[in-house]
Structures are given as structure tokens and as C-alpha cells.
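Working notes, beginning with the structure itself.
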Amino acid sequence: MTGVYDRRRMITGNTIASGMKIIALKERGFRANGISSVRKSLAMRFGKEWWSNPDASDAIRAAAEPSVLYDRFLQHLNGWNSKQFEQLVKIHGIIHLSGGAFEGKLGHDVLFPRGLSAEIYNLWEPPPIMQSCADWRGMDDEGSYNTWNGGQGVLLIVSADDVEWILWESSNWGIEALCSGEVVKRDEPFVRIQSKFAQGTEITYRS
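Take 9 as the starting number for the sequence shown in the working numbering and just add one per residue.
What follows is the structure, encoded as C-alpha cells:
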């Protein structure tokens with residue numbers, strides 16, 4: 009595969025600062041992450057040969073929900089679709105969410121090395137099948153976020169002034185987005201999320 013990039017617009021995270029907002033792009037399925045845990049959940053609910061159990065058909069269909077594709081929308085924001093490659097909005101950080109990504113990718117990879125933290129208080133709810141799998145396995149909220157995306161596929165870190173425009177533009181692309189939190193500066197870096205799984209607990213990951 010061959011790619012092209014503009015070094016002036018590389019999204020490295022080095023421009024992230026306190027006060028910036030975090031936008032979550034909604035995901036309706038598992039994005040092919042944590043599937044071994046999904047299979048175990050189905051086995052615990054429908055039996056060892058769950059794939060041949062007619063009662064499991066709806067759950068299997070829900071678990072196979074195709075991933076939302078964000079690439080064209082993000083290319084659009086970054087200006088790759090315009091004739092002059094003019095950036096429509098400055099994106100300071102992009103985090104692809106898989107299991108454990110709030111702690112690993114957002115925290116340890118992006119924010120903590122820069123002495124920054126995040127307060128995330130308005131996430132999407134997990135898809136019903138994701139909540140069901142968590143229930144069937146008896147997983148707590150933290151374990152669920154450490155295994156799956158929790159209902160969001162990508163986080164964007166942007167300036168506060170750009171939030172409303174990005175939310176409006178995402179709707180034009182058929183992508184659901186909401187402002188989920190904020191980057192903050194604290195003495196000891198952390199990522200704190202308000203869970204949308206069944207227990208609704210507050211989860212804090214520290215550096």
C-alpha cells in the first residue's frame with residue numbers, strides 16, 4: 009500500500025491543550041474487537057454450540073453488525089477531498105477505540121506523556137448486544153470498557169470553537185457524534201469516564 013501525507017498537517021497530538029473538547033463518533037457494533045469475549049458470552053448464554061442454537065440467531069446477527077466507516081469523513085475534515093487540500097478544521101487528536109483504548113490509547117499514548125488528563129462524562133450508550141454480552145459474562149463496567157469500545161468507534165480532540173460545526177458536519181455524512189468530554193490539566197494525569205454500561209460507575213485510569 010502506498011500513501012501520501014502533508015507533513016504540515018500530520019496529526020501527532022503535539023498541539024493538544026487543556027480546554028480542548030473530545031467528540032465521540034458513534035459505533036453500533038464491536039468493530040471486530042473483543043470477539044473472543046463475544047463468543048464466550050454467547051456460549052454462556054446459549055450453550056457450547058451456540059451457533060447452531062436457533063434461539064441465538066438474533067444475538068448472532070446483532071454481534072455481526074458491520075463497523076461504521078469514518079475514513080471519508082475524517083479525510084473530508086482534513087481537506088483531502090478539496091482541490092487545494094485546504095483543511096476544513098484543525099483536528100488535534102484522533103483515537104480509534106478498541107477494548108482498553110480509554111486507558112491505553114487516549115491515556116498512555118496521547119495525554120499522559122503531555123501531562124494532560126481527560127474528563128469524559130457524555131459517552132454513547134453501548135449497543136444492546138454489547139450490554140447483553142457483558143451481562144451474560146457477569147462483567148463489571150470497567151471490564152467491559154477494557155474489552156470493547158462501549159459504543160464509540162473514534163474520539164476526536166478539537167478546539168472548543170470547532171465543536172458545533174463538526175457535530176453539524178458529521179450529520180451531513182450520516183455519522184452520529186456528540187461532545188463527550190474535555191481535556192484538562194491536573195497535577196497527576198488521569199482519564200476519568202462516566203460509564204454508560206449498566207452499573208453506571210465512574211472509572212478512573214491513572215498514569
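All C-beta atoms, glycine included, are put in the ideal place defined by N, C-alpha and C. Since this is a predicted model, take the numbers as computed values, not measurements.
Can you list, in chain order, the residues of its chain with a C-beta nearer than 7 angstroms to that of residue i? Leave out the 5 residues immediately preceding and following it.
i	result
D148	Q207
M52	W144, R145
A64	L50, F54, W58
Can you give the Cα-Cα distance for residue i and residue j, rounded to whole angstroms?
i	j	result
F205	G37	14 angstroms
V192	L82	24 angstroms
S125	D14	29 angstroms
Q92	S60	54 angstroms
T212	P136	24 angstroms
E210	G108	15 angstroms
S179	V118	27 angstroms
H84	W176	14 angstroms
K48	S90	46 angstroms
Under a Cβ-count criterion, where at least 16 other Cβ atoms within 10 Å of its own Cβ denotes burial, should residue i be classed as buried or exposed?
i	result
A72	exposed
K29	buried
N157	buried
V199	buried
E150	buried
Less than 9 angstroms between the beta carbons of residue i and residue j, yes or no?
i	j	result
L163	A70	no
L50	I68	yes
I174	I102	no
A189	Y78	Here the sequence assigns Gly to residue 189, which means Ala is not the residue at that position. Not closer than 9 angstroms, so no.
S106	R39	yes
S215	G115	yes
S152	A168	no
P197	G159	no
N154	E111	yes
Can you list, in chain order, the residues of its chain whose CB lies under 6 angstroms from that of residue i, leaving out five sequence neighbours each side?
i	result
S184	The question names Ser, but residue 184 in the sequence shown is Glu. For E184, where only same-chain residues beyond five positions count, the Cβ hits under 6 angstroms are K34.
P121	none
Am I right that residue i and residue j are in contact with their C-beta atoms under 8 angstroms? What's the rounded C-beta distance?
i	j	result
H100	V166	6 angstroms
I128	I43	Not really, about 25 angstroms apart at Cβ, beyond 8 angstroms.
Can you give me the Cβ contacts of residue i inside the same chain, cut-off strictly under 8 angstroms, excluding the 5 residues immediately before and after it?
i	result
N22	R122
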